[in-house]
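Counting in this note's numbering, the sequence shown runs without a single skipped number right up to 350 at its last residue.
Even glycine gets a Cβ: it sits at the ideal position worked out from N, Cα and C.
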Amino acid sequence: MNDKIAPLTSYNYPSWKQDMIAILLDRNVYDIVLGKENPPGDDATEKEKMRFKKRCNKAFSSIYLNVSKDHRPLIADITEGKKAWEVIQKYFHPESRARTIGLLDQFFFCRIEINEKIGLYAARLRKIIADLLDCGEKVPLKYQAFQLIRFLPDCFGAIVQAIYRWPDDQFTFDQVLNELIAEEARLEQCSRDHEQFALHSATPLRTGTRNISKINRPQDKLRNIIKQGIVTETTG
């Protein structure tokens with residue numbers, strides 16, 4: 115596994131946390147960081163105790179070395195991975211009313227970007243919903259689905275109006291997302307079809323390399339025969 119991730123800064127804690135969890139899981143030390151794994155008991159062998167000690171050291175060093183130098187003083191006096199994890203979380207992810215309000219603002223003003231895929235837009239919304247849940251704020255399901263269709267481009271107008279008429283048990287984030295992805299694919303296919311049609315319409319039809327006017331057509335042959343007959347009679 116590639117352990118190189120962007121170091122923790124003042125702006126990337128959410129993504130850093132997810133990357134760091136993956137590293138800790140890969141090194142089999144995440145349970146130590148969470149405090150779910152207890153040290154070996156008194157009846158454990160010295161080898162078992164030493165192995166656990168090494169894993170504890172690995173947990174801390176994994177965290178410390180992936181923190182930017184500007185923020186390492188936060189955990190410079192700590193040697194336990196669990197303690198370092200808690201200090202970082204408290205510093206960058208305070209459980210406060212101000213944070214909850216800020217996340218709610220992000221959620222209700224989250225808009226789809228120009229040319230952004232529906233799936234990526236939904237992923238951004240899911241991230242905000244998950245962050246709110248971490249703060250103890252659960253977004254109602256109908257609001258999740260509503261926000262997904264709230265700021266869509268005009269080309270989705272027909273499907274959005276149809277979704278508004280769905281019964282409540284179908285108006286969920288996942289079902290709305292599936293319908294929007296299908297509509298997105300249909301619109302993209304229609305756009306490609308129109309482009310192909312326009313391309314073919316703009317291409318002139320080619321009738322061949324010969325000049326039709328120079329071809330000896332049957333009517334031309336008949337005309338020549340008549341002319342020759344008239345000339346013969348005149349000269350005779």
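CA-CA distance, residue i and residue j?
i       : j       : result
Tyr-257 : Phe-221 : 10 Å
Gln-284 : Ser-315 : 43 Å
Asp-191 : Lys-197 : 10 Å
Ile-300 : Ala-236 : Per the sequence shown, residue 300 should be read as Arg rather than Ile. Answer to the nearest angstrom: the Cα atoms are 18 Å apart.
Asp-156 : Gln-132 : 35 Å
Ser-129 : Leu-218 : 19 Å
Leu-119 : Ile-137 : Looking at the sequence shown, residue 119 is not Leu but Ile. Looking at the two C-alpha atoms, the distance is approximately 9 Å.
His-308 : Pro-267 : 19 Å
Ser-210 : Arg-264 : 28 Å
Ala-212 : Phe-206 : 13 Å
Lys-183 : Asn-126 : 14 Å
Asp-288 : Glu-162 : 47 Å
Glu-251 : Gly-216 : 12 Å
His-185 : Leu-247 : 26 Å
Ile-326 : Gln-275 : Here the model assigns Ile-326 a pLDDT of 48, short of 50, so the residue's position is not dependable, and the following value carries that caveat. Those two C-alpha atoms are separated by around 57 Å.
Ser-124 : Asp-245 : 17 Å
Gln-203 : Arg-141 : 20 Å
Asn-171 : Met-164 : 11 Å
Val-253 : Pro-281 : 19 Å
Thr-193 : Thr-159 : 23 Å
Tyr-278 : Arg-306 : 28 Å
Glu-386 : Ala-296 : The chain is shown only over 115 to 350; residue 386 falls outside these bounds and no answer can be derived.
Please state the DSSP three-state secondary structure of residue i.
i       : result
Val-181 : strand
Leu-351 : Past the boundaries of the shown model lies residue 351; the chain is included only from 115 to 350, so the question cannot be answered.
Leu-301 : helix
Leu-234 : helix
Leu-262 : helix
Ile-326 : Bear in mind that a pLDDT of 48 at Ile-326, under 50, signals an unreliable position, so the model cannot answer this.
Return yes when the Cβ of residue j is within less than 8 Å of the Cβ of residue i, no when it is not.
i       : j       : result
Phe-174 : Gly-149 : no
Val-201 : Ser-176 : no
Asn-180 : Leu-139 : no
Glu-298 : Ile-232 : yes
Thr-286 : Cys-249 : no
Ile-146 : Arg-169 : yes
Phe-166 : Pro-187 : no
Ile-243 : Cys-224 : no
Determine the burial state of residue i: buried for a count of at least 16 other Cβ atoms within 10 Å of its Cβ, exposed for fewer.
i       : result
Cys-304 : exposed
Met-134 : buried
Leu-239 : buried
Would you please state the rounded distance, in angstroms, between the beta carbons of residue i and residue j? I believe it to be under 8 Å.
i       : j       : result
Leu-255 : Leu-291 : About 12 Å separates the two Cβ atoms, so there is no contact after all.
Asn-270 : Leu-294 : Position check: residue 270 holds Phe in this sequence, whereas Asn was assumed. Confirmed, about 7 Å.
Check whether chain D comes within 8 Å of residue i, counting only Cβ atoms and requiring the distance to be less than that.
i       : result
His-314 : As a matter of chain content, chain D is missing from the structure shown, which is built from one protein chain.
Can residue i be considered in contact with the ligand HEM, in the sense that its beta carbon sits closer than 7 Å to one or more heavy atoms?
i       : result
Leu-218 : With respect to the ligand HEM, the structure shown offers nothing to examine, as it has no ligands at all.
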